[in-house]
Amino acid sequence: AQTVTQSQPEMSVQEAETVTLSCTYDTSENNYYLFWYKQPPSRQMILVIRQEAYKQQNATENRFSVNFQKAAKSFSLKISDSQLGDTAMYFCAFMKQDNNNDMRFGAGTRLTVKP
Amino acid sequence: DAGVTQSPTHLIKTRGQQVTLRCSPKSGHDTVSWYQQALGQGPQFIFQYYEEEERQRGNFPDRFSGHQFPNYSSELNVNALLLGDSALYLCASSLGVRVNEAFFGQGTRLTVV
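Read top to bottom, the protein sequences are chains Z and C. Residues in the first sequence are numbered from 7 upward in steps of one, following the numbering used here. Residues in the second sequence are numbered from 207 upward in steps of one, following the numbering used here.
What follows is the structure in structure tokens.
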């Protein structure tokens, strides 16, 4: 079974600084996807960034980037130039390729951006 | 372009009752997945509907059932409610079953008393 572990229940960062959220996962699969979702107080899960396991290049989306270490089964999220609107719960998720949206989520990290 | 919409937003039910939650997928999407998110935890996959059939199911009892209509909207039904069923229920839609991106609704907060 696939498991996703987020070891940081809470983190905080000063506005405009950089923060890294950690995620590790356990799987015997070779083909899969990894995601970071943001869940603000509005409760809607918003996709932040996605990584295909077969791609060696780390995904980036504007201020968000990942450090994907396949051998170590690690998938961290770096947020640069943090903004107040980045305050939210962040969830790391794993999905086997062709697995019909059966995503496995971690327990989440609550990120607070301080002015 | 409407996103994923869920109704109701909040619901309070008594233990033993039955509940129905509703989801309309994002325009153009034909696949709906349901997740349960207990307080302080990440979402857990309940099941997915495509072409009006349940395609995949997570580790949830038969008290949890669903339906998909010809217009792709979906319902989640929970029978014989337990206190432990209190959670945020999230609906996610996508185009087709073999995709790597899902769009979520804002969820229905169910409280069982």
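C-beta atoms are modelled at their ideal positions from N, C-alpha and C, and glycine is treated no differently. Since we're looking at a predicted model, the values are computed, not measured.
Query: Where Asp87 of chain Z sits in the DSSP three-state scheme; Result: coil
Query: At least three beta-carbon pairs within less than 8 Å, the segment 87-103 of chain Z to the segment 27-43 of chain Z; Result: yes
Query: Residue ranges of each beta strand (DSSP E) within the segment 36-87 of chain Z, 3 or longer; Result: 38-45, 52-58, 70-75, 80-85
Query: Whole-angstrom C-beta distance between Thr220 of chain C and Val319 of chain C, which should lie under 8 Å; Result: 6 Å
Query: The segment 52-68 of chain Z in contact with the segment 8-20 of chain Z per 3-pair CB rule at 8 Å; Result: no
Query: Length of the line joining the Cα atoms of Glu21 of chain Z and Val210 of chain C; Result: 31 Å
Query: Closest residue to Gln62 of chain Z among Z:Ile52, Z:Asn36, Z:Lys76, Z:Ser86 (Cα-Cα distance); Result: Z:Lys76
Query: Per-residue DSSP class, three states only, for Leu217 of chain C; Result: strand
Query: Proximity of Phe251 of chain C and Met51 of chain Z at Cβ, strictly below 8 Å; Result: no
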